[in-house]
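Taking it in order: structure first as structure tokens, then the write-up.
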Amino acid sequence: MAKDWKTSYKERLVTANEAVVKGIKSGNNLVFGHAAAAPIRISKALYDNREYFKDLKVFHMLFFGTAWHLRPEMKDHLTPVLNFLEGNSRPGFDEKWVQFMPCHFHQVPDLFRLGYFPVDVAIVQVSEPDENGYCSFGISNDYTKAAADNAKVVIAEVNKQMPYIGGDNFIHVSDIDYIVEVDEPLIEIPCPPIGETEMAIGKNCAALINDGATLQLGIGAIPDAVLQCLKNHKDLGIHTEMFTDGVMHMLKSGVINGKKKTLNPEKVITTLISGSKELYEFLDHNPTIEAYPVDYTNDPFIIAQNDNMVSINSCIEVDLMGQVASESIGHRQFSGSGGQVDYLRGATRAKNGISILAFPSTAKKGAESRIQPLLKEGATVTSMRNDVDYMVTEYGIAHLRGKTLKERAEALKNIAHPNFRPMLEKAIKERFYKE
Ligand code: COA
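The numbers in numbering that gives the first Met the number 0 rise by one with no breaks, and the one at position 315 of the sequence shown is 314.
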């Protein structure tokens, strides 16, 4: 007779140190869970036991909290192979230790499934099991579930404080090899302050959004400002990569109700959540919220099934043709492409869908225009000019789809900061007008 899952659970209980020493071998490929669900205790145990290991490769995207495995002392023991950089990982990348593997977010599960990054050990953080022995991946399904599904060994931090969120978001206790019990709050990501610039951008974006639209929003001050400007809208829906506090407030107020969604009506569909304790508590056993793997939420063909889809993302720099750098500042890799192109393509394929790239007109406290004649040398083009639709700054809206290069350049100049318009005008004259 099959074992009762509670017996299996007890048999798999170990300390974090035991989990790494028993579960991981030199030469293994490891995948760490993501963002605010990163397995911080196992990262620390790996650091403490580093002398046992060499030639490890560790894949992850965002790692919120102390990333012990990215400390310089780990250089002789592992190579990080990352698809998105943040504060924890940028120093290692700048020192040429951290490696970067580019791909769209929806393609990450295929790295594991198709063997581009075969997974020896998936190291994840999940909720306590339900009455049937299923743990929820909670706030991070994205590539994490795919890593666990394709791993030879699964190590799970089972955290009492991880919310239990439905969807296709579960792993059974019998599929976990080592369980480390945890009772610690999740990392909270505070809402950034919203200034005048963000509010002006929010208003311009809101002008493009109709009642009944389904939205995808990223994280940060601009998406939060957009949401604040949608308070008088009706029947909005959410099909998104990232779910944050701003969306929770709009759900509570009833502006977001999903009633007009053409795919998964009345449900909020997401793959990755980060925000406050209030948000995490709101999500726990909330039947409205469903988390799915990123190759569902971010598949452009799935996104496109949402009529009236609107995606809103941001960027670092755009040239006058509409080529967009969103992940690098010149040569320097700053973040990753995430789901930007997934949503640009999905939203513009949807019936009545649009995509918006919203950004402040300047960077470095106004010293530099984000709209430039040419991208900085070495910049990565995250979104190509053929895919770009609407661009929004605090100065207005430029609709690039269906426009010639000359028309695009004029439209972008018109939403640039006035201080930089003469410089852009000169470049446009040289490029598009005869002497
Ligand atoms: N030239 C020089 N520096 C620039 C710059 C430019 N054109 N644009 C931005 N920077 C600098 C800023 O000054 C800032 O530096 P600081 O941290 O020292 O102040 C830094 O780069 C970050 O810029 P900011 O615009 O504040 O970043 P953000 O936190 O709002 O993130 C992106 C913007 C584009 C980096 C981020 O949205 C991203 O990574 N996007 C790609 C992924 C994506 O779109 N995913 C979609 C689904 S969530």
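Quick reminder that beta carbons are idealized off the backbone N, C-alpha and C, glycines included.
Put simply, of Pro-101, Lys-433, Tyr-8, Ile-39 the residue whose alpha carbon is nearest the alpha carbon of Ser-327 is Pro-101. Listed in chain order, the alpha helix (DSSP H) runs fully inside the stretch 134-162 are 143-148, counting runs of at least 4 residues. In the DSSP assignment, Pro-286 is bridged to no other residue. In the DSSP assignment, Thr-78 falls within the beta strand (DSSP E) that extends over 77-81. The alpha carbon of Ile-39 has as its nearest neighbour, out of Val-57, Lys-56, Gly-321, Gly-64, the alpha carbon of Gly-64. For Leu-55, the three-state secondary structure derived from DSSP is strand. Take Asp-294, set aside five residues on each side of it, and the residues of its chain with a beta-carbon closer than 6 Å to its own are His-105, Pro-108, in chain order. Checking the 7 Å criterion, the Cβ of Gly-335 is within range of a heavy atom belonging to ligand 1. Among the bridge pairs identified by DSSP, Gly-165 is matched with Glu-289. Annotation: Asp-298 to Leu-110 spans about 15 Å, alpha carbon to alpha carbon. A contact between stretches requires three or more CB pairs, one per stretch, nearer than 8 Å, and the stretch 349-361 meets this requirement with the stretch 202-219. DSSP lists Gly-236, Met-308 as the bridge partner or partners of Thr-213. Assigned with DSSP and collapsed to three states, Asp-174 falls in helix.
When Cβ pairs closer than 8 Å are counted between the two stretches, the stretch 382-389 is seen not to touch the stretch 415-432, the count staying below three. Beta-bridge annotation (DSSP): Tyr-389 is paired with Ile-355, His-398.
Between Phe-136 and Ala-362, the C-beta spacing is not below 8 Å. Residue range 339-348 is occupied by the alpha helix (DSSP H) that includes Thr-347. Around the C-beta of His-284, fewer than 16 other C-beta atoms lie within 10 Å, and the residue is accordingly described as exposed. The residue from Leu-262, Ala-224, Thr-261, Leu-278 with its alpha-carbon nearest to that of Leu-250 is Leu-278. DSSP places Asn-16 inside the alpha helix (DSSP H), whose first and last residues are 15-22.
Residue side-chain check: Met-60 keeps its Cβ at 7 Å or more from all non-hydrogen atoms of ligand 1. At the C-beta level, Leu-214 and Leu-235 come within 8 Å of one another. Apart from sequence neighbours up to five positions away, the residues of its chain that approach Ala-220 with a beta-carbon distance below 6 Å are Pro-191, Ile-193, Glu-197, ordered along the chain. Take the alpha-carbon of Glu-393 and the one of Thr-6: they are about 59 Å apart. By the CB criterion at 8 Å, Gln-227 and Glu-316 fall outside the cutoff. Apart from the 5 residues on each side of it in sequence, Arg-348 sits with its Cβ closer than 6 Å to the Cβ of Ala-303 in its chain, given in chain order. A check of alpha carbon separations from Arg-344 across Val-387, Pro-79, Lys-364 identifies Val-387 as the nearest.
Taking the C-beta atoms as reference points, Lys-151 is found no nearer than 8 Å to Pro-292. When beta bridges are read from the DSSP output, Asp-318 appears opposite Gln-371. Taken atom to atom, the span from the alpha-carbon of Val-172 to that of Asn-312 is near 37 Å.
Classified as exposed, Phe-300 has fewer than 16 neighbouring CB atoms from the shown chains inside 10 Å of its CB. In the DSSP annotation of this structure, Val-267 is not part of any alpha helix (DSSP H); the continuous beta strand (DSSP E) holding it starts and ends at 267-269. Here DSSP, grouped into helix, strand and coil, assigns Thr-6 to helix. Distance from the CA atom of His-232 to the CA atom of Asn-168, rounded to whole angstroms, is 31 Å. The beta-carbon distance between Leu-84 and Gly-377, rounded to whole angstroms, is 15 Å. This is too long to meet the 8 Å contact definition.
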